[in-house]
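Reviewing the structure listed below.
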Amino acid sequence: MSENKSFGYSYMLDMYHCKPGVADSMEVHYRFLEELVERIGMTKMAPPVVIHAPRDKFGNELYPDKAGVSAWVPLIESGIQIHSVEPTHFVTMDVYSCNNFDPQIIYNFAKEVFDFKTFEEHFVKRGTHDCSNDCLKG
Numbered sequence: 009m010s011e012n013k014s015f016g017y018s019y020m021l022d023m024y025h026c027k028p029g030v031a032d033s034m035e036v037h038y039r040f041l042e043e044l045v046e047r048i049g050m051t052k053m054a055p056p057v058v059i060h061a062p063r064d065k066f067g068n069e070l071y072p073d074k075a076g077v078s079a080w081v082p083l084i085e086s087g088i089q090i091h092s093v094e095p096t097h098f099v100t101m102d103v104y105s106c107n108n109f110d111p112q113i114i115y116n117f118a119k120e121v122f123d124f125k126t127f128e129e130h131f132v133k134r135g136t137h138d139c140s141n142d143c144l145k146g
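The opening residue of the sequence shown carries number 9 in the working numbering; numbering runs sequentially from there.
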């Protein structure tokens, strides 16, 4: 099989020391996913789903060290998910698609929105073993 073939691509971005408040904002996560889908030329299957860490009936965090937001948007091409932890100002994101995309677009937009100070990133080809000509595209 050609080394250039793969079923999909994953871009993982871990963002450290983000701007205070963004990891706890459901609105920031929703708007980020809405616009990111457009910027990378993908197609939403449904609107983003955004969930805040659980709180008690008085609004107190049930897990204070894990306070933050999880968000996901399903794509025709696969999906994007984000998990955030406000106490440490940490945001982690996975973008997976069967279509190739430019991770620099994602990085630049995430930097603009989350204003992180340091980061780790990985771009990985997925499904590179021969699973038949039907499931692979270059």
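Note that beta-carbon positions come from the ideal geometry of N, C-alpha and C, so glycine has one too.
The structure displayed is predicted, hence computed values, not measured ones.
Output needed for residue i: all residues of its chain with C-beta closer than 8 Å, excluding positions within five of it in sequence on either side, in chain order.
| i | result |
| --- | --- |
| Tyr71 | Ala61, Pro62 |
Please go through the same chain and pick out, in chain order, the residues whose beta-carbon is closer than 6 Å to the beta-carbon of residue i, but skip the five residues on each side of it.
| i | result |
| --- | --- |
| Thr136 | Ser14 |
| Val30 | Val36, Phe122 |
| His130 | Met20 |
Please list, in chain order, all residues of the same chain as residue i whose beta carbon is under 7 Å from its beta carbon, the five residues on each side excluded.
| i | result |
| --- | --- |
| Ser105 | Gly16, Tyr17, Met50, Leu83, Glu85, Ser86 |
Just verifying my parser: in three-state terms, what is the DSSP assignment at residue i?
| i | result |
| --- | --- |
| Lys119 | helix |
| Ala31 | helix |
| Thr136 | coil |
| Leu144 | Reliability of the predicted coordinates at Leu144 is poor, the pLDDT of 46 falling under 50, and the value obtained from them is presented with this limitation in mind. Three-state result, Leu144: coil. |
| Tyr19 | strand |
Taking the DSSP output, what are the residues bridged to residue i?
| i | result |
| --- | --- |
| Ile90 | Ala79, Met101 |
| Tyr24 | Thr126 |
| His60 | Val77 |
Please check the pair residue i and residue j, which I expect to be a contact at CB under 8 Å, by giving their CB distance rounded to whole angstroms.
| i | j | result |
| --- | --- | --- |
| Arg47 | Phe117 | 6 Å |
| Ser33 | Val77 | 7 Å |
| Ile113 | Met101 | Incorrect: roughly 13 Å between the Cβ atoms, too far for contact. |
>> With three or more beta-carbon pairs closer than 8 Å as the criterion, would you say the segment 62 to 79 touches the segment 19 to 26?
In response: Under the 8 Å Cβ criterion, the segment 62 to 79 does not count as touching the segment 19 to 26, having fewer than three qualifying pairs.
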